[in-house]
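No gaps in the numbering here: position 283 of the sequence shown is 288 in my numbering, and each next residue is one more.
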Amino acid sequence: MAAGITHILVDRHRWLPWLNSPDRDIGSDQVHYKWLKLDNTQLQRRAIRTPSQRKPGLIPNPADRHTIPSTFLDSGAQVFPFRLIFAAMTFAVLFALIQVGLLSIAFDKLGLSSDSAMLLLISSLLGSGINLPLFSMAAGPGADPQWQRPPTWLTPLLRSRPGQIVVALNVGGGLIPVAFSVFLLNHNPLPLGQAMLATGIVATVCYLVSRPIPRLGIGMPIFVAPITAALVAIILLPQQSAPLAYICGTIGVLIGADLLRLKDIRALGAPLASIGGAGTFDGIFITGIVAVLLA
Numbered sequence: 006m007a008a009g010i011t012h013i014l015v016d017r018h019r020w021l022p023w024l025n026s027p028d029r030d031i032g033s034d035q036v037h038y039k040w041l042k043l044d045n046t047q048l049q050r051r052a053i054r055t056p057s058q059r060k061p062g063l064i065p066n067p068a069d070r071h072t073i074p075s076t077f078l079d080s081g082a083q084v085f086p087f088r089l090i091f092a093a094m095t096f097a098v099l100f101a102l103i104q105v106g107l108l109s110i111a112f113d114k115l116g117l118s119s120d121s122a123m124l125l126l127i128s129s130l131l132g133s134g135i136n137l138p139l140f141s142m143a144a145g146p147g148a149d150p151q152w153q154r155p156p157t158w159l160t161p162l163l164r165s166r167p168g169q170i171v172v173a174l175n176v177g178g179g180l181i182p183v184a185f186s187v188f189l190l191n192h193n194p195l196p197l198g199q200a201m202l203a204t205g206i207v208a209t210v211c212y213l214v215s216r217p218i219p220r221l222g223i224g225m226p227i228f229v230a231p232i233t234a235a236l237v238a239i240i241l242l243p244q245q246s247a248p249l250a251y252i253c254g255t256i257g258v259l260i261g262a263d264l265l266r267l268k269d270i271r272a273l274g275a276p277l278a279s280i281g282g283a284g285t286f287d288g289i290f291i292t293g294i295v296a297v298l299l300a
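See below:
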């Protein structure tokens with residue numbers, strides 16, 4: 006496991022430039038501090054209690070490094086492996102679908118040419134790394150303080166402060182699926198009422214089965230949404246089940262697992278709430294493809 010901020014402080018506290026030198030008389034291995042600059046990150050004063058019952062605000066010596074709580078670990082090092090796993094799973098599923106020709110069948114059922122299908126596929130994959138900031142909101146009470154510092158790339162795009170959550174729209178997992186769903190709705194004889202009903206059913210199921218995962222976001226069984234979307238589309242509109250399955254599947258996941266779960270993200274205190282991003286992108290993308298194949 007990568008060293009967290011506290012581990013770095015423990016290992017290097019004898020030579021780091023402390024900013025409040027008048028407090029050094031507390032002790033050689035018990036340096037009281039208020040603020041510290043480390044890798045351009047301003048760290049707030051923390052209280053650490055060790056078996057020797059040191060006073061709050063004191064840095065433990067190297068002999069007590071095993072007593073440091075795990076909550077002080079850098080959250081980025083823990084979240085990255087999960088995102089890497091999600092990305093690897095997505096590419097593995099896509100590769101399997103391409104190998105057996107199922108991806109072509111899915112796009113054919115949606116009325117797309119091979120060139121249009123490839124453009125949609127590449128745009129979705131590339132757009133999954135782009136988030137468009139919409140607004141910010143305050144983190145909920147009890148939110149993890151490790152998550153409340155916004156990413157540095159958000160600074161020039163949207164003013165955000167520690168304790169604020171930036172809500173953004175992911176291009177590949179949010180904007181493109183919504184735009185393509187509107188395209189399908191306008192180019193297919195789909196009654197608006199049935200499309201809204203199907204989307205509402207899928208969104209309700211996604212909300213009920215999704216759960217907030219600490220330091221990761223919202224998690225949901227990946228095949229629940231596509232199976233539900235396919236069944237609903239076949240029951241409501243069997244003649245146009247393929248486009249309806251894509252619409253209600255993708256929009257249903259966005260509403261049920263993202264929009265309706267914003268309050269849970271607020272409680273987690275993540276600095277960025279990406280609608281259609283992170284692990285949800287995999288669910289939305291695979292939902293659209295698998296739902297069409299099943300319909």
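No residue lacks a Cβ here, since even glycine has one placed at the ideal position from N, Cα and C.
Since residue i and residue j are thought to touch, with beta carbons under 8 angstroms apart, how far apart are those beta carbons, to the nearest angstrom?
| i | j | result |
| --- | --- | --- |
| Val297 | Tyr251 | 5 angstroms |
Hey, quick one: how far does the beta strand (DSSP E) through residue i stretch, first residue to last?
| i | result |
| --- | --- |
| Arg266 | Per DSSP, Arg266 belongs to no beta strand (DSSP E) and is neither H nor E. |
| Leu139 | Asn136 to Ala143 |
| Val172 | Gln169 to Asn175 |
| Ser302 | The first residue shown for the chain is 6 and the last is 300, placing residue 302 beyond what the model contains. |
| Gly222 | Gly222 to Gly224 |
Taking only the alpha-carbon atoms, compute the straight-line gap between residue i and residue j and give it to the nearest angstrom.
| i | j | result |
| --- | --- | --- |
| Asp113 | His192 | 14 angstroms |
| Val237 | Met123 | 27 angstroms |
| Ser128 | Gly198 | 30 angstroms |
| Asn136 | Asn175 | 4 angstroms |
| Ser119 | Ile294 | 15 angstroms |
| Ile280 | Leu259 | 7 angstroms |
| Leu264 | Ala247 | 25 angstroms |
| Ile289 | Val183 | 11 angstroms |
| Tyr212 | Ser121 | 32 angstroms |
| Ile282 | Phe188 | Here residue 282 is Gly; the residue named in the question, Ile, does not match the sequence. Using only the alpha carbons, I get a separation of about 21 angstroms. |
| Met201 | Ile239 | 15 angstroms |
| Leu130 | Ala208 | 23 angstroms |
| Arg266 | Pro276 | 15 angstroms |
| Gly224 | Leu117 | 31 angstroms |
| Leu115 | Gly222 | 31 angstroms |
Excluding the five sequence neighbours on either side, which residues of its own chain have a C-beta within less than 6 angstroms of the C-beta of residue i, listed in chain order?
| i | result |
| --- | --- |
| Ile256 | Ser186 and Thr204 |
| Gly132 | Val176, Gly177 and Ile181 |
| Leu242 | Gln199 and Leu249 |
| Gly261 | Ala208, Cys211 and Tyr212 |
| Ala111 | Ile294, Val297 and Leu298 |
Closest to residue i by CA distance: which of the options is it?
| i | options | result |
| --- | --- | --- |
| Pro196 | Thr233, Gln244, Leu264 and Ala208 | Gln244 |
| Leu125 | Ser109, Phe140 and Ile260 | Ser109 |
| Ala230 | Arg266, Asp269 and Val210 | Val210 |
| Ala278 | Pro217, Ile240 and Pro226 | Pro217 |
| Pro299 | Pro276, Phe228, Arg266 and Leu273 | Reading off the sequence, residue 299 comes out as Leu, not Pro. That would be Phe228, whose Cα lies nearest to the Cα of Leu299. |
| Gly134 | Leu190, Lys268, Arg266 and Gly179 | Gly179 |
For residue i, which residues from the same chain have a beta carbon less than 7 angstroms from its beta carbon, with the 5 sequence-adjacent residues on both sides left out?
| i | result |
| --- | --- |
| Arg271 | Met142, Ala144, Gly145 and Ile170 |
| Leu139 | Val172, Ala173 and Leu174 |
| Thr292 | Ala230, Pro231, Ala234, Gly254, Thr255 and Val258 |
| Leu190 | Ala200 and Ile252 |
Following the continuous alpha helix (DSSP H) through residue i, name the residue where it begins and the one where it ends.
| i | result |
| --- | --- |
| Ile218 | Element bounds for Ile218: not the alpha helix (DSSP H) but the beta strand (DSSP E), Arg216 to Ile218. |
| Ser133 | Ser133 -> no alpha helix (DSSP H), and no H or E assigned at all. |
| Gly254 | Ser246 to Val258 |
| Gln191 | Inspection of the sequence shows that residue 191 is occupied by Asn rather than by Gln. Looking at the DSSP string, the run of the alpha helix (DSSP H) that includes Asn191 is Ile181 to His192. |
| Ala344 | Nothing in the structure corresponds to residue 344, since the chain is present only between 6 and 300. |
Grab me the residues of residue i's own chain with a C-beta within less than 8 angstroms of its C-beta, minus the 5 sequence neighbours each way, in chain order.
| i | result |
| --- | --- |
| Ile206 | Thr233, Val237, Cys253 and Gly257 |
| Asn45 | Bear in mind that the predicted position of Asn45 carries a pLDDT of just 44, short of 50, making it too unreliable to give a figure here. |
| Pro226 | Val214 |
| Pro194 | Gln245 |
| Gly81 | Confidence at Gly81 is low in this model, with a pLDDT of 40, below 50, so its placement is unreliable and the value that follows should be read with caution. There are no such residues. |
Regarding residue i and the ligand ZN, is the C-beta to nearest heavy atom distance less than 8 angstroms?
| i | result |
| --- | --- |
| Ala262 | This structure lacks the ligand ZN; in fact it carries no ligand of any kind. |
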